Amino acid sequence: MFVVLRITINHIVNHKKNYLRMEIKVLGTGCPSCKTLFETTQQAIAELGSDATLTKEEDLLKIIEYNILGLPALVIDGTVVSAGKRLSLAEIKELLTK
C-alpha cells in the first residue's frame, strides 16, 4: 500500500511539472476568434501559474501541416486539442491540466 501511495504522489508531482512547462500554440489567421483564443489562453496560463510557452502561428503553410479543418485551433505539445471551436476560459484550463 505504501508503494502505491508513493507512485501516486510522484505521478501528481510529475503531472504538475509537465503542465507548467508546456508548449502551446494558437493557430489562426488573425481573425477575431483567433485573437480571442490567444488572449483567453494567456489568461488561463496566468491563472494556473504555469510557465508554459504560448505562441501564435499565422502562417497558412505551417497551419496546413496540422491537417485541421477549422480555425482557430489550440495545440498543446504538438497535439491539436481543439479546432474550429470557441473555447471558454474554463475549457482551456481543463485542457491545460489534463
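Just so you know, the UniProt record's numbering puts 41 at position 41 of the sequence shown, and the rest follows in order with no gaps. Even for Gly, the Cβ is constructed at its ideal location relative to N, Cα and C. Since this is a predicted model, take the numbers as computed values, not measurements.
Under 7 Å between the Cβ atoms of ILE24 and ALA52?
-> To locate residue 24, count along the sequence shown from 1; it is residue 24. To locate residue 52, count along the sequence shown from 1; it is residue 52. Against a cut-off of 7 Å, the Cβ pair of ALA52 and ILE24 comes out as a contact.
CA-to-CA distance, LYS62 to CYS34, given in whole angstroms | Position 34 of the sequence shown holds residue 34. Position 62 of the sequence shown holds residue 62. Going by the C-alpha atoms only, they are around 16 Å apart.
What three-state label does DSSP hand GLU65 in the structure shown?
-> To locate residue 65, count along the sequence shown from 1; it is residue 65. Coil, per DSSP.
Do we get a CB-CB distance below 7 Å when we pair THR79 with the residues of chain C?
-> The structure shown contains no chain C; it is built from a single protein chain.
Where does the unbroken beta strand (DSSP E) through THR29 begin, and where does it stop?
-> For the purposes of this step, residue 29 is taken as residue 29 along the sequence shown, with counting starting at 1. Here THR29 belongs to no beta strand (DSSP E), and DSSP marks it neither H nor E.
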